[in-house]
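J.:
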Amino acid sequence: MNRAIKWLSFIVISLFVSTAAMAADEANLQPQQWQPIKVEAIAGDIPELRGMPTDPQLLLPESVPEDANEVVLGYLAATDTIALLVYASLFAVITLFIIFIVVNGISRLEDGYSGKRIKRWSGLSISVHWLGAIACIFLILTGLVLSGGRLYLEPSMNQSGWASLIGLSSGLHELMAFPFILGYVLMILMWAPKQIPASYDLKWFAVLGGYLNTGKKHHPDAGFANAGEKLWFWVFALFGGLMVISGLTMMFPETFVVTKNTANTMLLMHIVSTIIITAFSVVHIFMATVMSEGGMSNMTSGYCDENWAKQHHNLWFKELK
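Letter by letter, the sequence shown follows residues -23 to -1, 1 to 298 in mature numbering (1 follows the signal peptide of the UniProt record, and there is no 0).
Below is the structure:
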């Protein structure tokens, strides 16, 4: 019994001493040794707790995050504005183009169809185009869900439906990135030589390609690609490249050794590139399918009508003769 009492006394005294020591240590860690803790909620990310200890005597973990780039975080914090811009790049541009077509009309073939077809695109070019185009459409649609679905879609859906939609969109977005990247690389390599700017391109822009009611009878000079197509190509080359780089960086952060600041910068770059690519894609689709009579067959059969070539790409047509 005496031995048990001694052991119990020893344990009690030990606990008392250790508690006193811990209290002393806590007393040494005064509040002024810590920066005020600030919680920064980053859209699509977990909240980041900042306010690490500044006393050099305190041991810091090796994974202490770097100071966040407040400028980038400021842009990313405007989630409502980002969602609005992303949706506007699609739906607002579609609306404007519909209004333009209703008011201005489309560009019809002045001499009608000749019935004579000219080879314009190879089978490989057509396949590469649709590989990138279909993937791009999926990326745009799933991107709409990821960027603004919380504001525009979730309120009208039940919880399980929204969870399924966001999960499907996230997985499909990453899956479609790979055919898009392949199509992007091949298009740049195959088509760049025919997209070099020329002096007559300035006149094309000056009269908006002859698509306005006032200039439909006076189509400006154009080679294989007109000035508008060249602009779209180089915008796609630049911002498509930024979209690919930023997307891969966010998909594989460990491979690229990405810091939080880098990830945030890549996200902002991805958003800006997406808005620009989406708006230009809408214009490209309308020009090819609706605005230019006879234009759609270029990327379905690879052939165009002879009168279409004369009217829209006169310099290229002369080279063929």
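All residues carry an ideal CB built from backbone N, CA and C; glycine is no exception.
Only a predicted model underlies this, so the values are computations on that prediction, with no experimental measurement involved.
So, do the segment 245 to 254 and the segment 77 to 88 have three or more beta carbon pairs nearer to each other than 8 angstroms?
T.: They do not touch, by the three-pair rule.
J.: Taking buried to mean at least 16 other C-beta atoms within 10 Å of its own C-beta, is F294 buried or exposed?
T.: Buried, by the Cβ-count rule.
J.: List the DSSP bridge partners of Y280.
T.: According to DSSP, Y280 bridges with K96.
J.: Sorted by chain position, which residues of the same chain lie with C-beta nearer than 7 angstroms to A240's C-beta, five sequence neighbours on each side aside?
T.: So the qualifying residues of the chain are M227 and P230.
J.: May I have the straight-line CA-CA distance separating V122 from P174, to the nearest angstrom?
T.: Taking the straight line from one Cα to the other gives about 37 angstroms.
J.: Which value, in whole angstroms, describes the spacing of the CA atoms of I19 and A65?
T.: Unreliable placement is indicated for I19, whose pLDDT of 44 sits below 50; the coordinate value is still reported in the next sentence. Their backbone Cα atoms lie some 23 angstroms apart in a straight line.
J.: Could you tell me how far apart the beta carbons of M273 and A265 are, in whole angstroms, since I believe they sit closer than 8 angstroms?
T.: Contact flag correct, Cβ pair sits at about 6 angstroms.
J.: By DSSP, does S269 sit in helix, in strand, or in coil?
T.: It is a strand residue.
J.: By alpha-carbon positions, which one of L61, S102, F115 and T72 ends up nearest to I165?
T.: It is S102.
J.: Tell me, please, whether the segment 152 to 170 touches the segment 105 to 116 by the rule of three or more beta-carbon pairs shorter than 8 angstroms.
T.: Yes, the segment 152 to 170 touches the segment 105 to 116.
J.: Could you name the residues of the same chain whose beta carbon sits closer than 6 angstroms to that of Q172, not counting the 5 residues immediately before and after it, in chain order?
T.: These residues qualify, in order along the chain: A202, K207 and F210.
J.: Secondary structure at S102, three-state DSSP: helix, strand or coil?
T.: The answer is helix: DSSP assigns S102 an H, G or I state.
J.: Which residues does DSSP list as the beta-bridge partners of Y84?
T.: The question names Tyr, but residue 84 in the sequence shown is Ser. Answer is S269.
J.: If you check the beta carbons only, do V49 and L245 fall under 8 angstroms apart?
T.: Going by C-beta atoms, V49 is nearer than 8 angstroms to L245.
J.: If S141 sits next to T119, beta carbons under 8 angstroms apart, how far is it from one beta carbon to the other, in whole angstroms?
T.: Actually they do not touch by this definition, with Cβ atoms about 13 angstroms apart.
J.: How long is the line joining the alpha carbons of I222 and K298, rounded to whole angstroms?
T.: Each residue's alpha carbon lies about 42 angstroms from the other.
J.: Whole angstroms is fine: what's the gap from A53's alpha carbon to E47's?
T.: With the sequence shown as reference, residue 53 is identified as Leu, and Ala is not the correct amino acid for it. Each residue's Cα considered, the two are about 10 angstroms apart.
J.: Closer than 6 angstroms by C-beta to Q34: which residues in its own chain qualify, once you throw out the five before and the five after it? Chain order, please.
T.: With a pLDDT of only 41 at Q34, under 50, the local geometry of the prediction cannot be trusted, and the value read off the model is given with reservation. Within the same chain, Q34 has no close Cβ partners at all.
J.: Give the secondary structure of K287 by DSSP, where H, G and I count as helix, E and B as strand, and everything else as coil.
T.: If DSSP states are grouped into helix, strand and coil, K287 belongs with the helices.
J.: For S137, count neighbouring C-beta atoms within 10 Å of its own C-beta (all shown protein chains included) and say buried if the count is 16 or more, exposed if not.
T.: The residue is exposed, with fewer than 16 neighbouring Cβ atoms inside 10 Å.
J.: Skipping 5 residues on each side, what residues in its chain have a beta carbon closer than 7 angstroms to that of F(-8)?
T.: Residue placement at F(-8) is flagged as unreliable, the pLDDT there being 44, under the threshold of 50; the coordinate-derived value follows with that caveat. Nothing meets the Cβ criterion.
J.: Since E283 contacts S91 with CB under 8 angstroms, what's their CB separation in whole angstroms?
T.: Indeed they touch by this definition, with Cβ atoms about 4 angstroms apart.
J.: In angstroms with no decimal places, state the Cα-to-Cα distance between H150 and F213.
T.: Each residue's alpha carbon lies about 19 angstroms from the other.
J.: If you follow the alpha helix (DSSP H) that Y64 is part of, which residue opens it and which one closes it?
T.: T56 to Y64 is the extent of the alpha helix (DSSP H) around Y64.
J.: For a test of the three-state rule: what should DSSP assign to F294, helix, strand or coil?
T.: Reduced to three states, the DSSP call for F294 is helix.
J.: Have a look at F115 and W139 and give me their C-alpha separation to the nearest angstrom.
T.: Distance between the alpha carbons of F115 and W139 is about 18 angstroms.
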